Ligand SMILES: [Zn+2]
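Numbering (my numbering), first residue to last: 358 to 748.
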């Protein structure tokens, strides 16, 4: 995603209603477990669900949602509560950047700010630090991880009495990045759970969590959000309707990805993709090269999303021409336009057209020049679409 992004979109939307209702019920019935492991694909809202549950656990008057009114809820608005502890991967190569150090404290403030604004943002301390220290960290052999020091600190604090609320909540974001020794330290805590602490772990990669840790946590599995849910989330964040639809189609159910796409003006990319399709359909192959050169005067459209949007558009056309009634289109608002396209090219092989687009995207990723990639794609698309209907 090379395009310049607009200002960050703030998302205050929470999907996963079933999982959240189940978690709320455990609070209402006073059957809260000592530890929960919230898992699912990246960017779908594991942190958002964990933080909402943390707010519910700390609230003085919880119903199925936090009351948003008690002293605990007030402090939790910005995630600054003495009984809410956040642990996130940082993988610092420097021993001085341990819990309690100045660098660490600064990063934690930034993490809280970021998660308050957008709980779907990546929760990695290394991404929040200055670019210099970030480069050093990414170079470190272990990558961005949760270290033993974090686990020891947790082990040290968790048996203390809470400061202000009825209990303390420890949220371990991306627990799948915990070093093995860090997980072993955590295991001690899970084996003898403190009376007044609840642990909330999130993980995209369950395989990276030790089975001994997994088995001691209540599992909460979250599914990718539907395109409709992603659209709603973006709408709630003030994204215009068409941009929300496009970003949702590109997101694969990840709110984080959808927000990133929504910030890249997907309508502009879509226009470029549709214009390119139209050009390929009508233009004789010998004229393509000249047209492509003209297009490349401004290369800002040349993003992965450009190819992906074209493929999604074509896949809607394929479903339309095959009259697949029960396949949900990626772009419901464009049904009439897609109908027209598939009617205009009765001999089209949309499957071949999609393959041409995929090949072009791979060639571009492999470093072939834009002129070559686009010229080849236009010629292949022209062949795949076949002659225009005379009717
Ligand atoms: Zn409250």
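Positions of the beta carbon are idealized from the N, C-alpha and C atoms, including for glycine. A quick note: this is a predicted structure, and the numbers were derived from the prediction, not measured.
Could you give the distance in angstroms between the alpha-carbon of residue i and the alpha-carbon of residue j?
{"i": "residue 650", "j": "residue 736", "result": "14 Å"}
{"i": "residue 706", "j": "residue 627", "result": "21 Å"}
{"i": "residue 690", "j": "residue 399", "result": "27 Å"}
{"i": "residue 472", "j": "residue 583", "result": "23 Å"}
{"i": "residue 367", "j": "residue 619", "result": "11 Å"}
{"i": "residue 533", "j": "residue 746", "result": "55 Å"}
{"i": "residue 741", "j": "residue 623", "result": "25 Å"}
{"i": "residue 733", "j": "residue 570", "result": "52 Å"}
{"i": "residue 630", "j": "residue 460", "result": "45 Å"}
{"i": "residue 573", "j": "residue 549", "result": "11 Å"}
{"i": "residue 688", "j": "residue 670", "result": "8 Å"}
{"i": "residue 724", "j": "residue 391", "result": "50 Å"}
{"i": "residue 632", "j": "residue 711", "result": "16 Å"}
{"i": "residue 646", "j": "residue 635", "result": "15 Å"}
{"i": "residue 594", "j": "residue 412", "result": "21 Å"}
{"i": "residue 525", "j": "residue 713", "result": "55 Å"}
{"i": "residue 385", "j": "residue 422", "result": "10 Å"}
{"i": "residue 474", "j": "residue 466", "result": "13 Å"}
{"i": "residue 389", "j": "residue 469", "result": "25 Å"}
{"i": "residue 430", "j": "residue 563", "result": "31 Å"}
{"i": "residue 387", "j": "residue 374", "result": "20 Å"}
{"i": "residue 717", "j": "residue 561", "result": "30 Å"}
{"i": "residue 643", "j": "residue 603", "result": "32 Å"}
{"i": "residue 598", "j": "residue 442", "result": "37 Å"}
{"i": "residue 554", "j": "residue 719", "result": "49 Å"}
{"i": "residue 654", "j": "residue 536", "result": "48 Å"}
{"i": "residue 452", "j": "residue 684", "result": "No answer about residue 452 holds up, because its pLDDT of 49 lies below 50 and its placement is not dependable."}
{"i": "residue 580", "j": "residue 382", "result": "20 Å"}
{"i": "residue 700", "j": "residue 679", "result": "11 Å"}
{"i": "residue 681", "j": "residue 514", "result": "58 Å"}
{"i": "residue 395", "j": "residue 420", "result": "21 Å"}
{"i": "residue 435", "j": "residue 648", "result": "53 Å"}
Give every residue of the same chain whose Cβ lies closer than 7 Å to the Cβ of residue i, excluding the five residues on either side of it in the sequence, and list them in chain order.
{"i": "residue 708", "result": "675"}
{"i": "residue 656", "result": "727"}
{"i": "residue 418", "result": "424, 427"}
{"i": "residue 586", "result": "372"}
{"i": "residue 696", "result": "677"}
{"i": "residue 477", "result": "368, 400, 402, 405, 612, 613, 616"}
{"i": "residue 715", "result": "668"}
{"i": "residue 703", "result": "746"}
To which residues does DSSP link residue i through a beta bridge?
{"i": "residue 555", "result": "526"}
{"i": "residue 395", "result": "559, 577"}
{"i": "residue 442", "result": "527"}
{"i": "residue 503", "result": "535"}
Near residue i, what residues of its chain come up, given a Cβ to Cβ distance below 8 Å and the 5 sequence neighbours on each side ignored?
{"i": "residue 512", "result": "542, 543, 545, 546"}
{"i": "residue 672", "result": "687, 707, 711"}
{"i": "residue 607", "result": "614, 615, 618, 623, 662, 665, 666, 669"}
Quick check on this structure: which residue in the options has the alpha carbon closest to the alpha carbon of residue i?
{"i": "residue 552", "options": "532, 519, 700, 376", "result": "519"}
{"i": "residue 615", "options": "630, 596, 632", "result": "596"}
{"i": "residue 744", "options": "698, 458, 730, 729", "result": "698"}
{"i": "residue 458", "options": "568, 510, 603", "result": "510"}
{"i": "residue 601", "options": "589, 565, 609", "result": "589"}
{"i": "residue 393", "options": "607, 506, 407, 731", "result": "407"}
{"i": "residue 432", "options": "416, 555, 421", "result": "416"}
{"i": "residue 652", "options": "662, 665, 637, 578", "result": "637"}
{"i": "residue 609", "options": "559, 592, 665, 641", "result": "665"}
{"i": "residue 522", "options": "668, 414, 385", "result": "414"}
{"i": "residue 576", "options": "374, 370, 379", "result": "379"}
{"i": "residue 438", "options": "528, 607, 376", "result": "528"}
{"i": "residue 559", "options": "410, 715, 599", "result": "410"}
{"i": "residue 625", "options": "479, 420, 663, 581", "result": "663"}
{"i": "residue 462", "options": "507, 420, 479, 434", "result": "507"}
{"i": "residue 503", "options": "703, 514, 565", "result": "565"}
Using a Cβ-Cβ cut-off of 6 Å (strictly less than) and excluding sequence neighbours within five positions of residue i, which residues of its own chain qualify?
{"i": "residue 567", "result": "540"}
{"i": "residue 481", "result": "446, 501"}
{"i": "residue 538", "result": "505"}
{"i": "residue 721", "result": "730"}
{"i": "residue 377", "result": "none"}
{"i": "residue 592", "result": "601"}
{"i": "residue 693", "result": "none"}
{"i": "residue 370", "result": "590, 593"}
{"i": "residue 479", "result": "none"}
What is the C-beta distance between residue i and residue j, in whole angstroms, given that I count them as a contact (C-beta under 8 Å)?
{"i": "residue 444", "j": "residue 557", "result": "Not a contact, Cβ separation roughly 10 Å."}
{"i": "residue 397", "j": "residue 578", "result": "6 Å"}
{"i": "residue 739", "j": "residue 640", "result": "7 Å"}
At a Cβ threshold of 9 Å, is residue i touching chain C?
{"i": "residue 716", "result": "Annotation note: the requested chain C is absent from the structure, which comprises a single protein chain."}
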